[in-house]
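**Student:** Chains as they are written, first to last, in the numbering used here: chain A, 38 to 552; chain B, 4 to 387. Structure below; questions to follow.
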């Protein structure tokens, strides 16, 4: 880390939106070659601040200085010209175009006035990649790349535009732990090369690992600044949330009762027709949580879909409460007492363009009291929605606010509220806290344990190993479509499960593996 | 979020219930205004061609005549209503499809097939008591329209065939089919050209003025009925859910395939009502070469009305007024009636280019026009 004057200073930035003071005289400075983490809960004002930096929003007060010179940033183009580039959480890439074509978009290198100079572009892209430690194929189509590589393309796009200041908005939200490590290595090389990086996150351990300095924002204000070596997760969590946060959940002993869900020999194919669930056997009893750990893409999605009626199993049987429910659809399973918090909120769990209250009755809209005959009962829906909003602490301007305008954490709370409140005897939780802040995670975890203690059987699938370890009474490890091991949730440790996840227990030294 | 901003409050038309109507209606209203301005320029340009000099008064003369012909007298108003009625029904038909994420371009086929069925049954029952004759003739027309809408719905549900392609093909098939029917089993003897027989008692009675027939009531009733269906019934919730996010609809236990078939049938049914009331109330017989632009005009109405039943009613009345007044405009200002088609097309252009309209009128983004997404994504193809 080079010690010199700040390359970027934001002074007294204030931004109001109707009803909200999104930024309240925020000061932020970024030194050359520094990785500066901006930590805060969803809705704390991190994105607003960065939108101001990127020229997407105009501050009501405050100034921005680059290399000590005050500047007005008029828009993204202007920001890019000044060497500021943003890597968004949702990538702005065209899936059907190649890496090189995506990088060239908007910054076309011309061989002559008509044609692009693709060869020169390709050469520069490969060279840039090498400089920061990865080999990239400029002719690969974006849709064939993993999420981790797509992110590298976004970063390359910024470097190609000669960015000096890189803003990464929640870059790890969509990455696996391995991909996160790889992207961290890239970021460190960038910083060493003299690039300055703003790293937006709400994941505490990541911030501690990667940042040189950490600025914490809460409700639009800077509430503290820390150096990783002089702080810890508890301290940061308290700063961020404004109260003492339990990072680990207290959970009592499980009291498993009758078997609720029994699965035997379940097989299912993915959308391309490959068998990715290969003979799953499992049992979950009332009052216990079975966690499924596994690296993403080992058939978990298809397993969950097969169990929740969204995908027809190709073989095997599923019974719930003793009844054969194999091949039942979502409505039948819901009626039989199954609730499902899907992993992909945008695809399955919500209709983003609908009012929040409609999403709160998305699975129960057809039953009394929400329907009488063919007619929808708005008053009952309103009352129910208000009740859930209060009970699950969903932060929304009103029950009729369009769901899309809520933060991700509040959207997820709404899904959890809907599914938990249906009084299920079987609860399937797929990535229930992905992308959420610590406050929301704590809340959802506590509710899940309440559900278990109230006698629900819970199947938890999560890519966050910590989450599986924290909530599960038993842990099954899924590897290439099979459950390769089942461990006691109280005694299992991270290393043990991690090794099973990575190798499927084929490594003779992995303990606890059952064939 | 306890902090309240002390910025000036929004103007009254942007607040509360009025605000939400403003958000929806601002762009369509602005588009109509801009289209009238552009059409006025075209009229000015035409005056150069026809008279050799610019007649600055001509657009005003033309629009005054248009207004007089559509709203200037009782008969003008009734004519506007008569013109608007099929557009209301067609607009609702296309709009309900948009809500379900379906683009029904098959209005033409559904309309003429329903008209033929109603004309055939009506002629067969020409001597039956009027209530029975009318009811059965209308029922035949509705059934024909609904069936012709169901086919593309079923093809989409079972095979994934896109409704844009199948409805266009079914338009051609319907044209050939009515030719066969009218020149075959439904041919009335004793005429010098192919047509269906006299309706007799099956004619819809005139209830107002010289030409407002009973069928108008269907258009009047359809607006609140479709509104109730879409926004106050559980079925409408399912239709809108499938349109907005088919995956989430399936997760919620709805049946997207059934809903696709049902919505296309409803859409066909509405075009069927339009077709049969038009025949039983206005034309009184059907010919093989029956021409109508209703299938496409209805798309314009649905887009301008933003697929909302009340918006559609307003848009249909506007287009109905343009058509009702066009004749007088041609007489008084010498502007061909086709300028109405030009205005309609320019309105659509501005709706499609809503970014331009927003910029010109400083209308803050109030959510793009979702229906246009259905239209444009139709060809990009949502892979299933």
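Every residue gets a Cβ at the ideal spot worked out from N, C-alpha and C, and that includes glycine.
Interface residues of chain A around residue 266/B at Cβ under 9 angstroms?
**Tutor:** Result: empty, since nearest Cβ-Cβ is about 15 angstroms, beyond 9 angstroms.
**Student:** If you count every other CB in all the chains shown that lies within 10 Å of the CB of residue 551/A, and 16 or more means buried, which is it?
**Tutor:** Any answer about residue 551/A is weak, because its pLDDT of 41 lies below 50 and its placement is not dependable; what the coordinates show is given next. The residue in question, residue 551/A, is exposed, as its Cβ has fewer than 16 Cβ neighbours within 10 Å.
**Student:** Does DSSP put residue 260/B in a helix, in a strand, or in coil?
**Tutor:** Note: residue 260/B maps to helix in three-state DSSP.
**Student:** Taking the continuous beta strand (DSSP E) assigned at residue 23/A, which residues delimit it?
**Tutor:** Residue 23/A lies beyond the range of chain A shown here (38 to 552); nothing can be said about it.
**Student:** According to the Cβ coordinates, are residue 129/B and residue 197/B closer than 8 angstroms?
**Tutor:** Not a contact, by the Cβ cut-off of 8 angstroms.
**Student:** Whose C-beta lies closer than 8 angstroms to the C-beta of residue 325/B among residues of the same chain, with five residues either side of it excluded?
**Tutor:** 69, 73, 343, 346, 347
**Student:** So with CB distances below 8 angstroms, who are the chain A contacts of residue 238/B?
**Tutor:** 411
**Student:** Should residue 234/A and residue 101/A be called a contact, given that it needs their Cβ atoms to be closer than 8 angstroms?
**Tutor:** no
**Student:** Any idea what DSSP makes of residue 330/A, helix, strand or coil?
**Tutor:** strand
**Student:** Does the segment 189-200 of chain A come close enough to the segment 476-488 of chain A that 3 or more CB-CB pairs lie under 8 angstroms?
**Tutor:** no
**Student:** For residue 46/A, which three-state DSSP category applies?
**Tutor:** strand
**Student:** Within the 8 angstroms Cβ cut-off, does residue 91/A reach chain B?
**Tutor:** no
**Student:** If you check the beta carbons only, do residue 328/A and residue 509/A fall under 8 angstroms apart?
**Tutor:** yes
**Student:** So what's residue 268/B in DSSP terms, helix, strand or just coil?
**Tutor:** helix
**Student:** As a quick exercise: from 361/B, 181/B, 42/B, 245/B, pick the residue whose alpha carbon is nearest that of residue 256/B.
**Tutor:** 245/B
**Student:** Establish whether the CB of residue 235/B and some CB of chain A are separated by less than 8 angstroms.
**Tutor:** Output row for residue 235/B: interface = yes.
**Student:** Strictly under 8 angstroms for the Cβ-Cβ distance: is residue 253/B near chain A by that measure?
**Tutor:** yes
**Student:** Hey, would you say residue 522/A sits closer than 8 angstroms to residue 537/A, going by beta carbons?
**Tutor:** yes
**Student:** On the three-state DSSP scale, how would you describe residue 262/A?
**Tutor:** strand
**Student:** Under a CB-based cut-off of 8 angstroms, is residue 387/A close to chain B?
**Tutor:** Interface with chain B (8 angstroms Cβ-Cβ cutoff): residue 387/A is included.
**Student:** Could one say the Cβ of residue 256/B lies closer than 8 angstroms to chain A's Cβ atoms, at least one of them?
**Tutor:** yes
**Student:** Among residues of its own chain, excluding the 5 on either side of residue 308/B, which ones have a beta-carbon nearer than 8 angstroms to its beta-carbon?
**Tutor:** 31, 94, 98, 314, 315, 316, 317, 318, 319
**Student:** Return yes when the Cβ of residue 376/A is within less than 8 angstroms of the Cβ of residue 457/A, no when it is not.
**Tutor:** Taking a C-beta distance under 8 angstroms as the contact criterion, residue 457/A and residue 376/A qualify as a contact pair.
**Student:** Which of helix, strand or coil does DSSP assign to residue 38/A?
**Tutor:** Only weak support exists for where residue 38/A lies, its pLDDT of 43 falling under 50; the coordinates are left without a value.
**Student:** Going along the chain, which residues of its own chain have a beta-carbon closer than 8 angstroms to the beta-carbon of residue 135/A, five neighbours each way excluded?
**Tutor:** 175, 176, 177, 178, 179
**Student:** What is the DSSP secondary structure of residue 176/B, reduced to helix, strand or coil?
**Tutor:** helix
**Student:** If you follow the alpha helix (DSSP H) that residue 353/B is in, where does it begin and where does it stop?
**Tutor:** 342-355
**Student:** For residue 145/B, which residues in the same chain have their Cβ closer than 8 angstroms to its Cβ, ignoring the five residues on either side in sequence?
**Tutor:** 117, 272, 275, 276, 279
**Student:** Would you verify that the beta carbon of residue 10/B is, or is not, closer than 8 angstroms to some beta carbon of chain A?
**Tutor:** Unreliable placement is indicated for residue 10/B, whose pLDDT of 46 sits below 50; the coordinate value is still reported in the next sentence. Yes, because at least one Cβ of chain A sits closer than 8 angstroms to the Cβ of residue 10/B.
**Student:** Within 8 angstroms (strictly less), CB to CB, does residue 429/A reach chain B?
**Tutor:** With 8 angstroms as the cut-off, residue 429/A does not count as an interface residue toward chain B.
**Student:** At a CB-CB cut-off below 7 angstroms, which residues of chain A make contact with residue 247/B?
**Tutor:** 388, 390, 391
**Student:** Using 8 angstroms as the threshold, is the segment 349-366 of chain A in touch with the segment 299-308 of chain A, meaning 3 or more CB pairs across them?
**Tutor:** yes
**Student:** Between the C-alpha atoms of residue 412/A and residue 403/A, what's the straight-line distance to the nearest angstrom?
**Tutor:** 9 angstroms
**Student:** Of all the options 344/A, 435/A, 60/A, which has the alpha carbon lying nearest to the alpha carbon of residue 320/A?
**Tutor:** 344/A
**Student:** Residues of chain B with a CB under 7 angstroms from the CB of residue 408/A: which are they?
**Tutor:** Near residue 408/A (Cβ distances below 7 angstroms), the residues of chain B are 237.
**Student:** Go ahead and label residue 387/B buried or exposed: buried means 16 or more other beta carbons lie within 10 angstroms of its beta carbon, across all protein chains shown.
**Tutor:** Model confidence at residue 387/B stands at a pLDDT of 31, short of 50, so the residue's coordinates are unreliable; what they give is reported in the following sentence. With fewer than 16 Cβ atoms within 10 Å of its Cβ, residue 387/B is classed as exposed.
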